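Here the sequence shown is numbered in this note's numbering, starting from 2 and rising by one per residue.
Backbone N, C-alpha and C fix where the C-beta goes; we use that ideal spot for every residue, glycine too.
On a predicted model such as this, the values are computed, not experimentally measured, just so you know.
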Amino acid sequence: MLKALMQKEGADFSKVEMVNIGDADFFAATQKDVDFSWIYYGWDGVAAEIKNIPINFIKLQDIAPELDYYTPVIIASEKMLDENPELVRKFLRATARGYKYAIENPEDAVNSLLKYAPEIDREIAVASQRYLAGEYMKGTDKWGEMKLEIWEAYGNWMFENGLLREKLDAGKAFTNEFLPE
């Protein structure tokens, strides 16, 4: 993906040395080991704001609009969907309730998280959840709903840039069928 983006911008990917930093802290890694890193803005970007550490953040979709893809994605096997559709519906109904609660009560959602993961920085978690509360349902009135054109654009971009061996059948890649009403 990085190679394709760099080629689009006329940059030479062969000059990039890829380094796996594993689960190293983004801030520590960029201060000594790496020049740039792929981050999840909802955590590291928000943490940079809290820590008052300036970063040069580039949204992928600002370079290639086709990279406005869904994340996170909940995945189920065809077998599960066929054999246990009601279980899938119940799971998504409960998940939707959790997301909606987190959207409406970001600080309380963080308090629930911290009960089970007290090592997480509370200030960053609250700021992150406030940011994410505005992102979870951006562009839709129904939690979890996905659009065919987003899947098509992303799949086509990946195919055209050699990241998929064959074209993605976007209509088979996702479903909104099991989402709660």
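(request) May I ask you to check if the CB of residue 129 is nearer than 7 Å to at least one heavy atom of the ligand COA? (result) As presented, the structure is devoid of all ligands, the ligand COA included, so that no description of it is given.
(request) Run the CB neighbour count on residue 130, radius 10 Å, all protein chains shown included, and call it buried at 16 or more, exposed below. (result) Counted from its first residue, the sequence shown places residue 130 at position 129. Under this definition residue 130 is a buried residue.
(message) So residue 145 and residue 93 are supposed to be a Cβ contact under 8 Å. How far apart are they, rounded?
(response) Residue mapping note: residue 145 aligns to position 144 of the sequence shown, counting from 1. Residue mapping note: residue 93 aligns to position 92 of the sequence shown, counting from 1. Between residue 93 and residue 145 the Cβ distance is about 6 Å, and since that is below 8 Å, they are a contact.
(request) Rounded to whole angstroms, what's the CA-CA distance from residue 61 to residue 42? Just pull it up for me. (result) Mapped onto the sequence shown, residue 61 falls at position 60. Mapped onto the sequence shown, residue 42 falls at position 41. If you take the alpha carbons of residue 61 and residue 42, they lie about 11 Å apart.
(message) Please tell me whether residue 71 and residue 147 are closer than 8 Å, where the distance is taken between their beta carbons.
(response) Locating residue 71 in the sequence shown gives position 70, where the first residue counts as 1. Locating residue 147 in the sequence shown gives position 146, where the first residue counts as 1. Yes, the pair counts as a contact, with Cβ atoms nearer than the cut-off.
(request) Could you round the C-beta distance between residue 143 and residue 180 to whole angstroms and report it? I think they count as a contact, below 8 Å. (result) For the purposes of this step, residue 143 is taken as residue 142 along the sequence shown, with counting starting at 1. For the purposes of this step, residue 180 is taken as residue 179 along the sequence shown, with counting starting at 1. Rounded, the Cβ-Cβ distance is 7 Å, consistent with contact.
(message) Report the CB separation of residue 128 from residue 20 in whole angstroms; it is logged as a contact under 8 Å.
(response) Sequence index remark: in the sequence shown, residue 128 carries index 127 (1-based). Sequence index remark: in the sequence shown, residue 20 carries index 19 (1-based). Contact flag wrong, Cβ pair sits at about 28 Å.
(message) Pairs of beta-carbons, one from the stretch 131 to 139 and one from the stretch 31 to 39, closer than 8 Å: are there three or more?
(response) no
(message) Taking the straight line between their C-alpha atoms, what separation do you get for residue 57 and residue 28?
(response) For this step, residue 57 is matched to residue 56 along the sequence shown. For this step, residue 28 is matched to residue 27 along the sequence shown. The alpha-carbon atoms of residue 57 and residue 28 are separated by roughly 13 Å.
(message) For residue 90, which residues in the same chain have their Cβ closer than 8 Å to its Cβ, ignoring the five residues on either side in sequence?
(response) Mapped onto the sequence shown, residue 90 falls at position 89. Contacts found: 179, 181.
(request) Let me know the secondary structure DSSP gives residue 2 once reduced to three states. (result) Taking the sequence shown and counting its residues from 1, the one referred to as residue 2 is at position 1. The answer is coil: DSSP assigns residue 2 none of H, G, I, E or B.
(message) How far does the alpha helix (DSSP H) with residue 48 in it extend, from its first residue to its last?
(response) As a first step, residue 48 is located in the sequence shown; it is residue number 47 there, counting from the start. Looking at the DSSP string, the run of the alpha helix (DSSP H) that includes residue 48 is 47 to 51.
(request) Just tell me which of 34, 17, 151 has its CA closest to the CA of residue 23. (result) For this step, residue 23 is matched to residue 22 along the sequence shown. Taking only the C-alpha atoms, the option nearest residue 23 is 34.
(request) State yes or no: is the C-beta of residue 6 within less than 8 Å of the C-beta of residue 65? (result) Reading the sequence shown from its first residue, position 5 is the one you call residue 6. Reading the sequence shown from its first residue, position 64 is the one you call residue 65. Yes, the pair counts as a contact, with Cβ atoms nearer than the cut-off.
(message) I need the DSSP call for residue 96, collapsed to helix, strand or coil.
(response) On the sequence shown, residue 96 is found 95 positions in, with the first residue counted as 1. Three-state result, residue 96: helix.
(request) Give the straight-line distance between the Cα atoms of residue 114 and residue 44, rounded to the nearest whole angstrom. (result) To locate residue 114, count along the sequence shown from 1; it is residue 113. To locate residue 44, count along the sequence shown from 1; it is residue 43. For residue 114 and residue 44, the distance between alpha carbons rounds to 14 Å.
(message) So, with DSSP's three-state summary, where would you put residue 60?
(response) For the purposes of this step, residue 60 is identified with residue 59 of the sequence shown, where counting begins at 1. Coil.
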